[in-house]
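For reference, the structure is listed below as structure tokens.
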Amino acid sequence: IDESTPTQTLSSRTLDGLAEYLKSGKASRIVVMTGAGISTSAGIPDFRSPETGLYANLARLNLPYAEAVFDIGYFKENPEPFYSLASEIYPGKFRPTITHSFIRLLNDKGLLLKLFTQNIDCLEREAGVPDDKIIEAHGSFARQSCIECKAAYPEDDIKSHIAAKTIPRCYECQGLVKPEIVFFGEQLPAAFLESRMVPMSSDLCIVMGTSLTVQPFASLPGATLPYTPRLLINKERVGNLGTGTDDVLLLEDCDSGVRKLAEACGWLEELEKLWAET
Ligand code: CNA
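Counting with this note's numbering, you get residues 4 to 281 for the letters of the sequence shown.
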């Protein structure tokens, strides 16, 4: 957006302008949208970062193309690459980042309307964001079932298979079992489809750690009303963030970005304490 375009809601398109808005109490229905970039500092690689991302490091799995590892058609033919990768990213061994704790802090303050996450690592829950505030747009590792008859499969059993890098099979029909993360070619969870309009009723939208390349998630920030402030904390500019009259861009690491925002709001000490106790 042209710098001369006036803001409509914030006093300025800066961190201070945003902090002032938050401190004034005008933002009390915050929608947060996140992706793999909020978990990279926890040790979980994202997909698309050029050298460290999963897609840049999948050669060892001999895939026809990187996304195949999460493609339902490919999985049916060859589930091994997915299970090999699953052992590396399975929840349980990672600690939430301060960015996850920041979302929890917003909720503790009664300001969080909804968190939309593309992540499947369950770290938001581990940070203490309540279940009913989280929309896991791409599912998660929290449950698993047969891709054929849909029968649920026990958690302990899939954990043993993942640790042993073997392929679990349905006890009912011998079909392939898969964690309920959404693969390319699969339907998104009903909870996501039902809440796609929630951003319209938000008074602040915070987008963090996502390349905004996967639809329909990528269109969520566009579902806010014009003049609703939107904050992007990401290493690069993404989507149409930065084209709204009240968009603020913090093009940097999520953890340092949320610390700056918390500091500007006078919440930094509280945030560090919350994170330390997680
Ligand atoms: P992506 O396409 O890999 O994009 C990540 C974005 O975050 C990029 O724009 C990066 O520049 C940015 N980024 C990376 N690290 C940081 C950082 N420390 N601070 C700020 N920005 C950073 O990932 P998306 O989430 O956009 O893609 C959607 C996929 C990724 C979803 O379907 C997820 O399920 C999937 N995924 C999830 C996880 C996880 O659960 N942790 C890990 C890997 C992939």
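Glycine included, C-beta positions come from ideal geometry on N, C-alpha and C.
The model shown is predicted, which means the values in this text are computed figures rather than measured ones.
When rounded, the separation of the alpha-carbon atoms in Glu-91 and Gly-269 is 37 angstroms. Leu-64 is a Cβ neighbour of Ser-87, given a cutoff of 8 angstroms. Here the alpha carbons of Tyr-93 and Thr-216 stand approximately 23 angstroms from one another.
With respect to the 8 angstroms criterion, Ser-42 and Asp-159 are not classified as neighbours on the basis of their beta carbons. A distance below 8 angstroms separates the beta carbons of Pro-232 and Thr-12. Per the Cβ contact rule, the segment 184 to 193 is not in contact with the segment 205 to 216 (fewer than 3 Cβ pairs under 8 angstroms).
Here DSSP, grouped into helix, strand and coil, assigns Cys-152 to coil.
A contact between stretches requires three or more CB pairs, one per stretch, nearer than 8 angstroms, and the segment 61 to 76 fails this requirement with the segment 251 to 261.
By the Cβ rule, the segment 46 to 55 does not count as touching the segment 263 to 278, because fewer than three pairs are nearer than 8 angstroms. Around the beta-carbon of Arg-262, 16 or more other beta-carbon atoms lie within 10 Å, marking it buried. In this structure, Ala-39 lies away from Asn-110, with their beta-carbon atoms at least 8 angstroms apart.
According to the DSSP secondary-structure assignment, Met-211 is paired through a beta bridge with Thr-37, Ile-236. Look at Ile-47: its beta carbon is less than 7 angstroms from one of the heavy atoms in the ligand CNA.
Listed in chain order, the non-local C-beta contacts of Val-34 below 6 angstroms within the same chain comprise Leu-116, Lys-117, Pro-202, Ser-205, Cys-208, local neighbours out to five positions each way being set aside. Between Cys-149 and Gly-113 the beta-carbon gap is near 41 angstroms, outside 8 angstroms, which marks them as no contact. Leu-253 has Ile-236 as its beta-bridge partners, per DSSP.
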